[in-house]
Amino acid sequence: MAINTELSIITLNANGLNAPIKRHRVAYWVKKQKPTICCLQENHLRTKDTYRFKVRGWEKTFHANGQHRKAGVAILISDKIDLKMRAIKKDKGHYLMVNRSIQEEDITIINIYALDIGAPRYLQQILTDIKGEIDGNTVLVEDFNTPLLSMKRPSRQKINKATEILNDTTEKLDLIDIFRTLH
């Protein structure tokens with residue numbers, strides 16, 4: 001039997017998973033997409049409620065949630081792949097970093113959710129704090145809640161200073177926005 005070394009990653013801003021029907025719909029969607037890894041932002045689950053969100057075939061689920069029903073991120077890894085745990089780093093609902101060895105290959109998955117207010121500075125601080133753990137096998141999945149590039153922006157309208165600093169930080173860390181690269 002050949003080992004599949006291709007990883008497929010999906011991401012979803014869930015905008016709350018407290019309602020049972022929404023948890024079931026998201027679980028169904030994840031199973032239907034058949035990814036290797038699923039990253040969720042804004043699950044709005046409290047730390048004590050994370051047990052409520054389960055997806056059959058996805059026992060390796062990691063959450064970063066606070067004590068209130070806001071923010072919250074999760075990384076789900078399919079049971080169909082061989083993985084060995086290395087380390088987990090998280091805060092109270094805004095980012096989660098999982099270091100793993102998947103099929104003999106080290107990989108770091110970072111899932112970040114930033115609040116609307118102060119997002120560029122917050123993200124710049126997180127990226128600076130974890131820069132030593134970012135390498136060529138790092139996947140950063142995010143809901144930055146801030147435009148990084150001027151897409152369809154009038155040429156006279158400037159990007160604010162905080163966003164410029166965030167852009168400089170991502171460039172220094174050699175991070176690439178895959179979505180913008182492909183689209």
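Numbering (UniProt numbering), first residue to last: 1 to 183. We treat Cβ as the ideally placed atom computed from N, Cα and C, and that holds for glycine.
Practice problem: Look at the alpha carbon of Thr-138 and the alpha carbon of Ile-110, and state the distance between them as a whole number of angstroms. | Solution: Their backbone Cα atoms lie some 7 Å apart in a straight line.
Exercise. With DSSP as the reference, label Asp-129 as helix, strand or coil.
Key: helix
Exercise. Work out the CA separation of Cys-39 and Leu-76 for me, nearest whole Å.
Key: 6 Å
Quiz item: On the premise that Val-55 lies in contact with Ala-64, defined as a C-beta separation below 8 Å, what is that separation, rounded to the nearest angstrom?
Solution: That belief does not hold up - the Cβ atoms of Ala-64 and Val-55 are roughly 17 Å apart, past 8 Å.
Quiz item: In three-state DSSP terms, what is Gln-41?
Solution: Strand at Gln-41.
Quiz item: Considering only C-alpha positions, which residue in the set Arg-121, Arg-69, Asn-99 is nearest to Phe-62?
Solution: Asn-99
Quiz item: What does a CB cutoff of less than 6 Å around Ala-114 pick up in its chain, not counting 5 residues either side in sequence?
Solution: Tyr-122, Leu-123, Phe-144, Asn-145
Quiz item: Are the beta-carbon atoms of Leu-7 and Ile-88 separated by less than 9 Å?
Solution: no
Quiz item: Distance, Cα to Cα, Asp-168 vs Thr-128?
Solution: 11 Å
Quiz prompt | As assigned by DSSP and simplified to three states, the class of Ala-74 | solution = strand
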